[in-house]
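Colleague:
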Amino acid sequence: MVWQSRPSAMTPSPPPRLTARIRGTVAFICGARLLLRRVPAWPIERLSALLGRSERERMERYAREADRIHYANAHGILRNVLGKALNEDGAALAIGEEAQGRPRLTGRTDLSFSIAHSRDRLAIALADRPCGVDVEYSEAGESDEIVAIHCFHPDECAAIAACPKAQRTQCFYAVWTRKEAVLKALGLGLTIDPAGFSVGADGEAARFDENPHAPRIFSWALDPIDGFQMALALASPVQDCGRDSPREGGTHH
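Okay, so the sequence shown: first residue is 104 according to my numbering, each after it adds one.
Put into structure tokens, the structure is as follows:
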């Protein structure tokens, strides 16, 4: 893995809502929970009552039936997870979006979340501060080098090039997912040039060339799970902490 420098201190005890038993949990990092779930293909009619109005409107904008089904199932899972974390009815939660599209729980600040999709998997991060998550299925491709040249910081390109050839694809996806997670935690989307900042070592704060006083966003790459690379980003304050093992085993299916 690229830039490994994980601290030895264990994760501080997170609030109860982040340690409730929730299927799909794969890691706790700095008090944040990461989940990876396989998205089923239940009929939309089974889920539409669970979704909010804005979610149903967005779902209907998808042209393909398969995409509408995936969206409905993924957001059904999200609402179920949020409901369990908050010990509330997931269908009753108000979910909105910020100006740049970052999802949020409307009218409350006690829980932040982030979601990402890859193939049939859904990644969810839950935290008590702004967070971002990304997941990508890692497979070697001729476009990897092109993406790195245009979207990665020179320091990141150099680190990937220094990886052993057999590990280069994993190094690429570790950086890619961490960058995506950082942008989500910032809530600014692609208004920031992804090549204008470096994620640094695993667990370090991202470094922005044009704005050294930008908010401090820390990020970590997980070891791949069934070929899926995940990463988490958290806004400061983040204490020196490591990662804890999941409280539930065999839960990413």
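All residues carry an ideal CB built from backbone N, CA and C; glycine is no exception.
Do three or more CB pairs link the segment 234-241 to the segment 203-223 at distances below 8 Å?
Modeller: yes
Colleague: So with Cβ pairs under 8 Å, would you call Ala228 a contact of chain D?
Modeller: No chain D appears in the structure shown, which is made up of a single protein chain.
Colleague: Distance, Cα to Cα, Gln332 vs Leu150?
Modeller: Position 229 of the sequence shown holds residue 332. Position 47 of the sequence shown holds residue 150. Approximately 28 Å, taken between the alpha carbons.
Colleague: Using 8 Å as the Cβ pair cut-off and three pairs as the minimum, do the segment 278-297 and the segment 251-269 touch?
Modeller: yes
Colleague: Decide yes or no for the touch test of the segment 175-192 against the segment 120-139: beta carbon pairs closer than 8 Å, at least 3 of them.
Modeller: yes
Colleague: Would the segment 305-324 count as touching the segment 193-210 if we require 3 or more Cβ pairs under 8 Å?
Modeller: no
Colleague: When the Cα atoms are used, what is the spatial distance from Lys287 to Ile295?
Modeller: On the sequence shown, position 184 is the one that residue 287 refers to. On the sequence shown, position 192 is the one that residue 295 refers to. Going from the Cα of Lys287 to the Cα of Ile295 covers about 11 Å.
Colleague: For His356, I'd like the list of residues in its chain whose CB is within less than 6 Å of its CB, leaving aside the five on either flank, ordered along the chain.
Modeller: Working through the sequence shown from its first residue, we reach residue 356 at position 253. For His356, the predicted model reports a pLDDT of 46, less than 50, meaning its position is unreliable and no value from the coordinates is stated.
Colleague: According to the Cβ coordinates, are Gly299 and Gln203 closer than 8 Å?
Modeller: Along the sequence shown, read from residue 1 onward, the residue named residue 299 stands at position 196. Along the sequence shown, read from residue 1 onward, the residue named residue 203 stands at position 100. By the CB criterion at 8 Å, Gly299 and Gln203 fall outside the cutoff.
Colleague: Excluding sequence positions up to five away, which residues of its chain have a Cβ less than 7 Å from the Cβ of Arg232?
Modeller: Counted from its first residue, the sequence shown places residue 232 at position 129. Ser215, Leu337 and Ala338.
Colleague: Among the candidates Ala317, Leu225, Arg126 and Glu248, whose CA atom is the shortest distance from the CA of His174?
Modeller: In the sequence shown, residue 174 corresponds to position 71, counting from 1. The sequence given here places Tyr at residue 174; His does not occur at that position. Measuring from the Cα of Tyr174, the nearest candidate turns out to be Leu225.
Colleague: Whose CA, out of Ala265, Cys266 and Val250, lies closest to the CA of Glu283?
Modeller: Your numbering for residue 283 matches position 180 in the sequence shown. Per the Cα distances, Val250.
Colleague: Given a cut-off of 8 Å on the beta-carbon distance, is the pair Ala144 and Asn183 in contact?
Modeller: Within the sequence shown, the letter at position 41 stands for residue 144. Within the sequence shown, the letter at position 80 stands for residue 183. For Ala144 and Asn183, no; Cβs fall outside 8 Å.
Colleague: Sorted by chain position, which residues of the same chain lie with C-beta nearer than 7 Å to Val105's C-beta, five sequence neighbours on each side aside?
Modeller: Locating residue 105 in the sequence shown gives position 2, where the first residue counts as 1. At Val105 the pLDDT is 42, less than 50, meaning the model places this residue with poor confidence; the figure from the coordinates comes in the next sentence. Ala262, Ile263, Cys266, Cys274, Ala277 and Val278, listed in sequence order.
Colleague: Could you check what DSSP says for Asp312 in three-state terms: helix, strand or coil?
Modeller: Here residue 312 refers to the residue found at position 209 of the sequence shown. Coil, per DSSP.
Colleague: Nearest-angstrom Cα distance between Lys268 and Asp329?
Modeller: Walking along the sequence shown from the start, residue 268 turns up at place 165. Walking along the sequence shown from the start, residue 329 turns up at place 226. Counting only the Cα atoms, Asp329 lies some 21 Å from Lys268.
Colleague: Where do the N-terminal and C-terminal ends of the beta strand (DSSP E) with Cys234 fall, by residue?
Modeller: Within the sequence shown, the letter at position 131 stands for residue 234. Counted as a single uninterrupted DSSP element, the beta strand (DSSP E) harbouring Cys234 occupies residues Cys234 to Tyr240.
Colleague: Within 10 angstroms of its Cβ, does Glu201 collect 16 or more other Cβ (buried), or is it exposed?
Modeller: Locating residue 201 in the sequence shown gives position 98, counting from the first residue. Looking at its Cβ environment, which holds fewer than 16 other Cβ atoms inside 10 Å, Glu201 is exposed.
Colleague: Would you check if the distance between the CB atom of Thr272 and the CB atom of Ser241 is smaller than 8 Å?
Modeller: To locate residue 272, count along the sequence shown from 1; it is residue 169. To locate residue 241, count along the sequence shown from 1; it is residue 138. Closer than 8 Å, so yes.
Colleague: Where are the alpha helix (DSSP H) runs, 4 residues long or more, that stay fully inside the segment 144-170, in chain order?
Modeller: 156-163
Colleague: Decide if Gly199 is buried, meaning its Cβ has at least 16 other Cβ atoms within 10 Å, or exposed.
Modeller: In the sequence shown, residue 199 corresponds to position 96, counting from 1. When all chains shown are included, Gly199 counts as exposed.
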